[in-house]
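Enquirer: Following this message is one structure expressed as structure tokens.
Protein chains: 2
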Amino acid sequence: MKSRLTIGKLAEAAGVGVETVRFYQRSGLLAEPARPFKGYREYSQADVRRILFIKRAQTLGFNLGNIMGLLKLDGPQACSLTHDLAVNKLHLVEGKITELRSIRRALKQMVRQCELDHETGTCPIIHALVEGSMPGEF
Amino acid sequence: MKSRLTIGKLAEAAGVGVETVRFYQRSGLLAEPARPFKGYREYSQADVRRILFIKRAQTLGFNLGNIMGLLKLDGPQACSLTHDLAVNKLHLVEGKITELRSIRRALKQMVRQCELDHETGTCPIIHALVEGSMPGEF
DNA sequence: CTTGACTCCGTACTTATATACGGAGATTAC
DNA sequence: GTAATCTCCGTATATAAGTACGGAGTCAAG
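These protein sequence lines are chains A and B, in that order. Residue 1 is where the first sequence starts when you use the working numbering, and the numbers rise one by one after that. Residue 1001 is where the second sequence starts when you use the working numbering, and the numbers rise one by one after that.
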């Protein structure tokens, strides 16, 4: 079923605001739709999917520029570009996870320390984060 | 050696711009330094470390507000206050880890899809946008 | 002592990603 | 048929995190 949508329906279906749709249009992320009726924009389900794609790609760390690039391309080279971008992001994300785990360890230790001895110290996270920094004045 | 730095030297040592230092000061991320000399700010190595910390924390996805909170964990405080702050930041960090793990999962899926279909010459992600439904959960 | 680099300050501008506003016309619900 | 809602448009505002500008004072090198 090819349901035809107004801008408001599209926005609702995709979980964004009407203004966001207009903004995506201005930005070139969505093509200007047909306006068969008093200048009112008319959208299709494909537009819903396109916005959902944009939103999902955003949560993966792609910005709108990246996304526009992805959307413009099709065919085998698009796949390899997509692949490379994804692999890069993946490495970035794994590095961050590792670092956050070490911060978490430090924080847990801090909490435990605090609960055991009622002693005050400086925060181990900060020293874990800044290589070579001495404990003390911050 | 307690080298005393001008704002320019500090900025250079920390790899940021002079204006950024002033901005951090306005934002409360750096304390107003002493100005023993015609109103010129004077910094120490501790300020360099503090800026490096800020920059590092940013790459992990903390915003300046978060970072201000993390910085408050350091230094002498009432133990109960430290404890509460630490628990609070621990939750922040765990949320960040969870978020990144889900991004990682999605990216891995995306990479896998691309690799599977690479021989066929079509990118499943792009293809799905043109017609039909998205590959699940990408 | 002159020249160029550095510092001061407040304010304005930038980029990315949207949101909001205002007023006119169209559509829909009751 | 009237009120509420929706759509149109261009422009303005929001937020985070800086970055740049302009003019005046100051410092360091040649």
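By construction, the Cβ of each residue, glycine as well, lies at the ideal position given by its N, Cα and C atoms.
How would you call residue 43(A), buried or exposed, if buried means at least 16 neighbouring beta carbons within 10 angstroms?
Expert: Buried.
Enquirer: What residue range is occupied by the uninterrupted beta strand (DSSP E) comprising residue 1032(B)?
Expert: First-last for residue 1032(B): undefined, no H or E at that position.
Enquirer: Give the straight-line distance between the Cα atoms of residue 1004(B) and residue 1041(B), rounded to the nearest whole angstrom.
Expert: So the two alpha carbons sit approximately 10 Å from each other.
Enquirer: So, does the CB of residue 61(A) fall closer than 8 Å to a CB anywhere in chain B?
Expert: So, interface residue.
Enquirer: Could you tell me how far apart the beta carbons of residue 1107(B) and residue 96(A) are, in whole angstroms, since I believe they sit closer than 8 Å?
Expert: Rounded, the Cβ-Cβ distance is 12 Å, inconsistent with contact.
Enquirer: CB residue 114(A) to CB residue 1083(B), shorter than 8 Å?
Expert: Yes, they are a contact pair.
Enquirer: I need the DSSP call for residue 62(A), collapsed to helix, strand or coil.
Expert: DSSP places residue 62(A) in coil when its eight states are reduced to three.
Enquirer: Could you tell me the distance, in whole angstroms, from the CA atom of residue 10(A) to the CA atom of residue 1105(B)?
Expert: Computed Cα separation, rounded: 29 Å.
Enquirer: Can you round the beta-carbon distance between residue 111(A) and residue 1057(B) to whole angstroms, since I take them to be within the 8 Å contact cut?
Expert: 19 Å between Cβ atoms; not a contact.
Enquirer: Compute the beta-carbon to beta-carbon distance between residue 1068(B) and residue 1030(B), rounded to the nearest angstrom, for a pair I have assumed lies under 8 Å.
Expert: With a Cβ gap of about 10 Å, residue 1068(B) and residue 1030(B) do not count as contacting.
Enquirer: Are the C-beta atoms of residue 1021(B) and some chain A residue less than 8 Å apart?
Expert: So no, residue 1021(B) is outside the interface.
Enquirer: Helix, strand or coil: which one does DSSP assign to residue 105(A)?
Expert: Correct three-state label for residue 105(A): helix.
Enquirer: How far does the beta strand (DSSP E) with residue 40(A) in it reach, from first residue to last?
Expert: 40-42 is the extent of the beta strand (DSSP E) around residue 40(A).
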